[in-house]
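Residues in the sequence shown are numbered consecutively from 236, following our numbering. We put the beta carbon where it would ideally sit given N, CA and C, even for glycine. Treat the numbers as computed from the prediction; the structure is a model and nothing was measured.
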Amino acid sequence: MVGVFRRSVSFPNKNPNRPSQKPQISHHIRSISLPCRSHPLISQIKDEINGLNSWVNCTSKSQPLTTKNLSNGLTLLKQTHETFQDILQLPQTQESLRYHPLWVEKLLEYSLRFVDAYGMFQTSILSLKEEHSSVQIGIRKRDESKLVIYLKAKKNLSKEIEKLVSGIRCVTHNVTQQQLDVPVYSCSSTMLSIADSVELGRVIEDVMSLTVSVSVVLFNGVAMSFSSRKFSWVKMVRKSGSYKKECEGIEEIQKELNEVENIGNLKKKGDEEVRSVLKRMRDLEECICGIESVSEKVFRALINSRVLLLNTLTLSQ
Numbered sequence: 236m237v238g239v240f241r242r243s244v245s246f247p248n249k250n251p252n253r254p255s256q257k258p259q260i261s262h263h264i265r266s267i268s269l270p271c272r273s274h275p276l277i278s279q280i281k282d283e284i285n286g287l288n289s290w291v292n293c294t295s296k297s298q299p300l301t302t303k304n305l306s307n308g309l310t311l312l313k314q315t316h317e318t319f320q321d322i323l324q325l326p327q328t329q330e331s332l333r334y335h336p337l338w339v340e341k342l343l344e345y346s347l348r349f350v351d352a353y354g355m356f357q358t359s360i361l362s363l364k365e366e367h368s369s370v371q372i373g374i375r376k377r378d379e380s381k382l383v384i385y386l387k388a389k390k391n392l393s394k395e396i397e398k399l400v401s402g403i404r405c406v407t408h409n410v411t412q413q414q415l416d417v418p419v420y421s422c423s424s425t426m427l428s429i430a431d432s433v434e435l436g437r438v439i440e441d442v443m444s445l446t447v448s449v450s451v452v453l454f455n456g457v458a459m460s461f462s463s464r465k466f467s468w469v470k471m472v473r474k475s476g477s478y479k480k481e482c483e484g485i486e487e488i489q490k491e492l493n494e495v496e497n498i499g500n501l502k503k504k505g506d507e508e509v510r511s512v513l514k515r516m517r518d519l520e521e522c523i524c525g526i527e528s529v530s531e532k533v534f535r536a537l538i539n540s541r542v543l544l545l546n547t548l549t550l551s552q
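The following block contains the structure:
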């Protein structure tokens with residue numbers, strides 16, 4: 236009988252004291268870590284910002300300013316601020332902004348300008364509605380003194396609202412002068428990544444700048460619509476083409492007001508003519524109420540944004 240032997244393979248024992256040898260590489264190794272995705276809310280607000288930018292560009296170049304178009308822009312602005320509020324409530328955002336209380340204070344200054352401007356705008360529109368109701372009663376009674384008072388009131392309204400524009404224009408200049416990146420100085424798990432922090436800063440810059448742009452369209456549109464025709468024509472002739480477009484009034488309001496201003500001697504008007512004027516006044520009132528309603532929603536959204544910024548500043552102290 237022939238014995239069968241199994242072959243065995245033996246390996247030398249590994250010396251624990253021997254340093255591990257790694258192959259030398261003549262080139263740098265690139266990191267294989269993948270970039271983090273933006274937070275869904277950041278992506279959402281960027282889409283809304285793009286939509287607002289498109290609206291501003293179309294309105295300032297070719298698209299006529301109507302009450303419907305203006306309402307669409309204000310609604311987009313309201314939605315953008317609502318998303319902005321959701322972002323401000325994120326723990327990551329609050330943690331990052333706490334490291335920059337002075338920067339948050341600057342944002343609070345901008346938000347205060349917005350809130351004040353829209354508050355005064357709402358007050359002016361409310362006063363106009365009261366004068367509007369009064370003049371309709373005067374037209375029914377063929378009382379021309381009420382019409383004269385109304386025409387003066389709308390001219391004063393135009394001047395008051397026009398002042399609001401200069402008050403918020405400086406926000407755009409200040410925002411662009413600021414370095415709005417939000418760097419990170421902590422490795423806390425609740426902090427935004429550096430890339431997300433920088434992105435947050437740019438988003439806030441866009442929100443502030445677009446709030447100014449949309450508000451300027453609103454205030455200028457209403458101011459030019461209710462200014463006297465002579466004033467509007469002289470001002471538009473003297474300015475450049477871009478300024479003409481920026482100061483364009485709201486189509487429906489201008490159309491109805493032109494008819495009211497041309498009414499002439501009320502006492503010599505027939506019943507049919509008076510009814511026609513009253514119908515135009517009702518149509519004009521609908522336009523005013525529509526603008527008041529949607530601008531009030533923006534006003535409330537701006538207040539909520541400011542409250543959240545105040546809370547962030549309070550927590551950082």
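For this session: Have a look at L300, V438, L347, L305 and flag the residue whose alpha-carbon is nearest the alpha-carbon of I277.
Result: Locating residue 277 in the sequence shown gives position 42, where the first residue counts as 1. The residue with the shortest Cα to Cα distance from I277 is V438.
Exercise. With respect to the alpha helix (DSSP H) encompassing I280, which residues constitute its N-terminal and C-terminal limits?
Worked result: As a working note, residue 280 is residue 45 in the sequence shown. I280: member of the alpha helix (DSSP H) spanning 275–296, first to last residue.
Exercise. So what's S540 in DSSP terms, helix, strand or just coil?
Worked result: Residue mapping note: residue 540 aligns to position 305 of the sequence shown, counting from 1. Helix at S540.
Exercise. Excluding sequence positions up to five away, which residues of its chain have a Cβ less than 6 Å from the Cβ of D321?
Worked result: Translated into the one-based positions of the sequence shown, residue 321 becomes position 86. Here D321 has L276 as same chain residues with Cβ atoms under 6 Å from its own Cβ, once five neighbours each way along the sequence are excluded.
Exercise. At which residues does the alpha helix (DSSP H) containing L347 begin and terminate?
Worked result: One-based indexing of the sequence shown puts residue 347 at position 112. According to the DSSP assignment, L347 belongs to the alpha helix (DSSP H) that extends over 336–375.
Exercise. Which value, in whole angstroms, describes the spacing of the CA atoms of K376 and N285?
Worked result: Against the sequence shown, residue 376 aligns to sequence position 141. Against the sequence shown, residue 285 aligns to sequence position 50. Straight-line Cα distance between these residues: approximately 51 Å.
Problem set entry | Nearest to K504 (by Cα), restricted to the options I374, A388, K387 | On the sequence shown, residue 504 is found 269 positions in, with the first residue counted as 1. Cα-wise, what sits closest to K504 is I374.
Problem set entry | As assigned by DSSP and simplified to three states, the class of N304 | Within the sequence shown, residue 304 is the residue found at index 69, counting from 1. In the structure shown, N304 adopts helical secondary structure according to DSSP, grouped into three states.
Exercise. Rounded to whole angstroms, how far is the Cβ of T547 from the Cβ of R348, which I believe are closer than 8 Å?
Worked result: Numbered from 1 along the sequence shown, position 312 holds the residue referred to as residue 547. Numbered from 1 along the sequence shown, position 113 holds the residue referred to as residue 348. Incorrect: roughly 18 Å between the Cβ atoms, too far for contact.
Exercise. Taking all protein chains shown into account, do 16 or more other C-beta atoms lie within 10 angstroms of the C-beta of T328, making it buried, or fewer, making it exposed?
Worked result: For the purposes of this step, residue 328 is identified with residue 93 of the sequence shown, where counting begins at 1. Residue burial is scored here from C-beta neighbours: T328 has at least 16 other C-beta atoms within 10 angstroms and is therefore classed as buried.
For this session: May I ask which residues mark the beginning and end of the alpha helix (DSSP H) holding L325?
Result: In the sequence shown, counting from the first residue as 1, residue 325 sits at position 90. Under the DSSP assignment, L325 falls outside any alpha helix (DSSP H); it carries neither an H nor an E label.
Exercise. Roughly how many angstroms separate the alpha carbons of E440 and M355, rounded to a whole number?
Worked result: Counting from 1 along the sequence shown, the entry for residue 440 is found at position 205. Counting from 1 along the sequence shown, the entry for residue 355 is found at position 120. One Cα belongs to E440, the other to M355, and the distance between them is close to 24 Å.
Exercise. Taking C-beta to C-beta, are T294 and V452 nearer than 7 Å?
Worked result: For the purposes of this step, residue 294 is identified with residue 59 of the sequence shown, where counting begins at 1. For the purposes of this step, residue 452 is identified with residue 217 of the sequence shown, where counting begins at 1. Yes, these two residues count as a Cβ contact at 7 Å.
Exercise. Three-state secondary structure (DSSP) at E494?
Worked result: Counting from one through the sequence shown, the residue named residue 494 turns up at place 259. Collapsing the DSSP output to three states places E494 in a helix.
Exercise. In chain order, what residues of the same chain lie with their CB nearer than 7 Å to the CB of S393, ignoring the 5 residues before and after it?
Worked result: Locating residue 393 in the sequence shown gives position 158, counting from the first residue. A458, F461, S462.
Problem set entry | I437, DSSP secondary structure in three states | For the purposes of this step, residue 437 is taken as the residue at position 202 of the sequence shown. Rather than Ile, the amino acid found at residue 437 in this sequence is Arg. Taken through DSSP and simplified to helix, strand or coil, R437 comes out as helix.
For this session: Just confirm the distance between the C-beta atoms of A388 and L363, as a whole number of angstroms; I'd bet it's less than 8 Å.
Result: Sequence index remark: in the sequence shown, residue 388 carries index 153 (1-based). Sequence index remark: in the sequence shown, residue 363 carries index 128 (1-based). Their Cβ separation, rounded to whole angstroms, is 7 Å, which keeps A388 and L363 in contact under 8 Å.
Exercise. Taking E283 as the reference, which of Q298, E531, N307 has the closest Cα?
Worked result: Against the sequence shown, residue 283 aligns to sequence position 48. If you compare the alpha carbons of Q298, E531, N307 with that of E283, the shortest gap goes to N307.
Exercise. What is the rounded straight-line gap between the Cα of H335 and the Cα of Q298?
Worked result: To locate residue 335, count along the sequence shown from 1; it is residue 100. To locate residue 298, count along the sequence shown from 1; it is residue 63. Their backbone Cα atoms lie some 40 Å apart in a straight line.
Problem set entry | Cα-Cα separation between L513 and I396, rounded to whole angstroms | By one-based count along the sequence shown, residue 513 stands at place 278. By one-based count along the sequence shown, residue 396 stands at place 161. If I take the Cα positions, the gap works out to 26 Å.
Problem set entry | Buried or exposed by the 16-neighbour rule on C-beta atoms within 10 Å, applied to E344 | For the purposes of this step, residue 344 is taken as the residue at position 109 of the sequence shown. So E344 counts as exposed.
For this session: Would you kindly work out how many angstroms separate the C-alpha atoms of L232 and E527, rounded to a whole number?
Result: The structure shown does not extend to residue 232, since the chain is modelled only from 236 to 552, so the question has no answer here.
Problem set entry | Coarse secondary structure for N391, derived from DSSP in three states | Start at 1 with the first residue of the sequence shown, and residue 391 comes out as number 156. Three-state result, N391: helix.
For this session: Within its chain, find whatever has a CB closer than 8 Å to the CB of R473; leave out the 5 residues flanking it on each side and keep chain order.
Result: Here the question's residue 473 lines up with position 238 in the sequence shown. Because the pLDDT of R473 is 43, which lies under 50, any placement of that residue in the model is unreliable, and the question is left without a value.
Exercise. Which residues in the same chain have their Cβ closer than 8 Å to the Cβ of C522, if we skip the five residues on either side of it in sequence?
Worked result: Residue numbering aside, residue 522 sits at position 287 when the sequence shown is read from its first letter. The beta carbon of C522 lies closer than 8 Å to those of T302, I485, E487, I488, E491 in the same chain, with the five residues before and after it left out.
Exercise. If you compare alpha carbons, which of S540, C524, L550 is closest to Q357?
Worked result: Numbered from 1 along the sequence shown, position 122 holds the residue referred to as residue 357. Looking from the CA of Q357, the closest CA among S540, C524, L550 belongs to C524.
Exercise. Can you tell me whether DSSP reads N500 as helix, strand or coil?
Worked result: Sequence index remark: in the sequence shown, residue 500 carries index 265 (1-based). Reduced to three states, the DSSP call for N500 is coil.
Exercise. Under a three-way DSSP split, which group does G456 fall into?
Worked result: Taking the sequence shown and counting its residues from 1, the one referred to as residue 456 is at position 221. Secondary structure at G456: helix, using DSSP grouped into helix, strand and coil.
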